[in-house]
Structure formats: C-alpha cells, structure tokens
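Asks: In this text, residue positions in the sequence shown follow our numbering: the first is 1, and each later residue adds one. Dumping the structure here so I can ask a few things about it.
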Amino acid sequence: MPKSSFIDFKAVKAAITMEQVLERYGLMDKFKRGTDSLNGPCPIHGGSNPTQFRVSISKNIWNCFSECKHGGNVLDFIARMDDVSIHAAALKAIEWFNLDTKAMSAGDGDEQPIEAAKSDTAPAPKPATKRPAQVAEKAAPNAPLKFRLDKLERNHPYLAERGLTLETIVDFGLGFCSKGMMADRIAIPIHNVKSEVVAYSGRFPGEPTEDTPKYKLPQGFRKSQELFNIDRAVKEPADKPLVIVEGFFDAIKLHQHGCKKVVALMGSTLSAAQEELIREHTGRNSQVIVMLDENDAGRAGREDIACRLSRFCFVKVYEFPQPDMEPEHLSADEVRLVMEGLR
Ligand SMILES: [Zn+2]
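Have a look at this one:
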C-alpha cells in the first residue's frame, strides 16, 4: 500500500472551512454572505449567475444548482476545482493550511509524503481556526440500540406478497410488529458495518393513505450515516462487484436471488458519509454497480453517484429497459443475466 494513503480525510475536512478554501482561491470577493450561507457564481463550471452556487456555513458543504447539479464537502470542492483525486485534494489542503500532519494521518508515523509535499514556495501558513462545530456532530455515528424487537410475526402476508421466502425473512430479521413505536408495521432492522442494530425502519404493510408515511424511522436516527446491509456486503469476496440500490426491498430481493454483495441507500442520493463508507471498503480495483429505480429521481441520483464513486473505483451504471422498473422487480434469472452482462 502506498505510504500516502494514510490520510484521515475526516480530520482534514473538519479542520478547514469552505470560506478558507474560497479565500485560498481568491474567490471571496465574488461571494455574498447570508445568515448561514455564502452565495456566488459557480467557480467550478465558471458560471456567472450570483445565486447558483451556495455554501452552507454550518454544514461546511457546497452546492451548484446550475450546470454541475452537484455538491459536496471541502475536499470535493478542491478536487473539482483542480481536477484531482480526493486524496490529492487532502494533500493540498494539508499543505495550504499548514495542518498538523500527525493528526491528519490515520497511520502510525507515516507522514513522510505529506512533509515531502511541502515546498519553499508554499504560501504563509494560515491557522485553521474556524473549525465548524457542527461537523463533528454531523459525523457522529448512530448509537447501537440497547434493545431488540421481539415476537415479530414472520409469516405476515405482506412479506409473502413482496415475494420474500421465510428463509430471507428470518435472515434479515423482518416481521410484523404489534406493539410499541413500530406497531402495525413491518420492522426492518438496520445494522451498521459492525453488525450492530442501530435502528428499525417500519414499513406500512400495504399502500398507505396520504397522511400515513410509508416508512417510519426512530427520531434522531440519521439514515444518511448508514448503508443498509453493509455489514454483510463487506464480508463478500473482494473481487465481486458491490451493487448499490435505493430501497430495503431492492436489497433484500437481490440478496434472495443470490446477489449478496448489495447495499441500499434508503433513498436515491448518496450522502458524504455513505460515500466514505464505500470508499473505506473498496480498493482501487473494486467494482461498483449502481442500480437505482428507473425514474427521474433514480436517473438523477445515479449520475451523481457514478461520478463521485468513479474517483476511487470502477463504476458501472445499470439502466432498466423500461420506465419505473426497480431492482426488486427482477426475477432470479434476470438478476443472474444482468450480473453476467455487467461483468
Ligand atoms: Zn457549477
């Protein structure tokens, strides 16, 4: 493994603000300050509209609502501005802001490449003071639950209707819950990468009326920090592609059909934390298959996801031949054919 892969990206991201980075590029005079925002023309695609690019100061992220249709954190910004990898962006940030290389390297005493990256022409060190308080909070993981839902009804007709076998239902710990917060819903346990249950999602068993949510999640739970089924996907062989889908039932169905290295986003977008999780568990030769629903949200999501993941692994996008198709709709044979076709 190259020495330079020991950078703790999280620490680098937490140590610098978007404002400092914009200042470093000499862009701050083009930006107007809002309550919790900086607004200006997009420096990435070189737009001129003064409201197309927005920085959230508290979240320390940016978004281009115009041509880029993209957003991200400070490192994504540097990576896009300079057309370099996230790794190279982190090295630049460490150099520009004179960050403590020991704190920034996750390895033990291997900060050589970072030292080497410093040169005599480096700008005067700027102290990285304005550390955004909410970054640390945002990065905090969901705490494991201290209880388990018991007496779940495994053979509820809704689960059979969705084509799940009893083996799959038991394997994923699914079942109809009759009491408590998830009462009258199908409980779906969500595990973190260490296989600890961090939440239950409650699916309404059928088509809910307008004022009833399809899914219920515990208050305070941040699904953007998790990838459903990641704990089992990471145990699959490294040379198998990782399939990314939107929903719980997409992942569960693909798993039942033998495609076990699958994770669900629990939505159609990839959060920064989810991207980080995937990056941590993929190598340079890893393959990822993005298989979102064939609708507007899915199409928008997969473009963005493919673009971001392709910075550190091989990405293939699967497009369904018909509109409104979802991975859950595929039969076992179709799943096999699709996976063979993508090889
Ligand atoms: Zn842009």
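A virtual CB, placed ideally from N, CA and C, is assigned to each residue, including glycine. For clarity, every value in this text was computed on a predicted model and none was experimentally measured.
#1: D108 to G298, Cα distance in whole Å?
#2: How do the segment 198-205 and the segment 179-188 stand: do at least 3 beta-carbon pairs fall below 8 Å, yes or no?
#3: At the level of alpha carbons, what is the spacing between P123 and K13?
#4: Round the Cβ separation of V194 and D171 to the nearest angstrom and send it over; I've been treating them as touching at under 8 Å.
#5: With a Cβ-Cβ cutoff of 8 Å, do M81 and P43 count as a contact?
#6: Looking at C-alpha atoms only, which residue of E326, Y215, D296 and F312 is the closest neighbour of A251?
#7: Whose C-beta lies closer than 6 Å to the C-beta of K54 among residues of the same chain, with five residues either side of it excluded?
#8: Determine, using beta-carbon pairs with one atom in the segment 70-84 and one in the segment 256-271, whether at least three such pairs fall under 8 Å.
#9: By DSSP, does I61 sit in helix, in strand, or in coil?
#10: Quick one: what's got a C-beta closer than 6 Å to V74's C-beta in the same chain, skipping five residues either side?
#11: Determine the burial state of F147: buried for a count of at least 16 other Cβ atoms within 10 Å of its Cβ, exposed for fewer.
#12: Have a look at Y158 and E207 and give me their C-alpha separation to the nearest angstrom.
#13: Let me confirm a value: E167 is counted as buried when at least 16 other C-beta atoms fall within 10 Å, else exposed. Which label applies?
#14: Taking 7 Å as the cut-off, is the C-beta of S310 nearer than that to any heavy atom in ligand 1?
#15: How about Q287 and S224: are their beta carbons less than 8 Å apart?
#16: From the DSSP secondary-structure annotation, give me the bridge partner or partners of G202.
#17: Which same chain residues end up closer than 6 Å to K316 when comparing Cβ atoms and leaving out the 5 residues on each side of it in sequence?
#18: Rounded to the nearest angstrom, what separates N192 and A199 at their Cα positions?
#19: So if DSSP puts N39 in a beta bridge, which residue, or which two residues, is it bridged to?
#20: What's the gap between the Cα of D211 and the Cα of P323?
#21: Is it buried or exposed for E340, if we count other Cβ within 10 angstroms and need 16 for buried?
#22: Let's test the definition: count the other Cβ atoms within 10 Å of the Cβ of P213 and tell me whether it reaches 16, buried, or not, exposed.
#23: In angstroms with no decimal places, state the Cα-to-Cα distance between F176 and K216.
#24: Closest by CA to S48, which one among K59, S58, F31 and S56?
#25: In terms of residues, what are the limits of the beta strand (DSSP E) holding F320?
#26: Can you look up F228 in the DSSP assignment and give me helix, strand or coil?
Replies: Let's see:
#1: Annotation note: pLDDT 40 at D108 (below 50); position unreliable, no value reported.
#2: yes
#3: Per-residue confidence for P123 stands at a pLDDT of 45, beneath the threshold of 50, marking its modelled position as unreliable; the derived number appears in the next sentence. Taking the straight line from one Cα to the other gives about 20 Å.
#4: One point to set straight first is that residue 194 is Lys, not Val, in the sequence displayed. Rounded, the Cβ-Cβ distance is 18 Å, inconsistent with contact.
#5: yes
#6: E326
#7: The sequence shown places Arg at residue 54, rather than the Lys named in the question. Counting only Cβ-Cβ distances below 6 Å, and skipping sequence neighbours, we find S37, N39 and N63.
#8: no
#9: strand
#10: K13, I16, M18 and V21
#11: exposed
#12: 11 Å
#13: exposed
#14: no
#15: no
#16: A187 and K216
#17: I289 and L342
#18: 9 Å
#19: K32 and R54
#20: 27 Å
#21: exposed
#22: exposed
#23: 13 Å
#24: F31
#25: From DSSP, F320 is part of no beta strand (DSSP E); its letter is neither H nor E.
#26: strand
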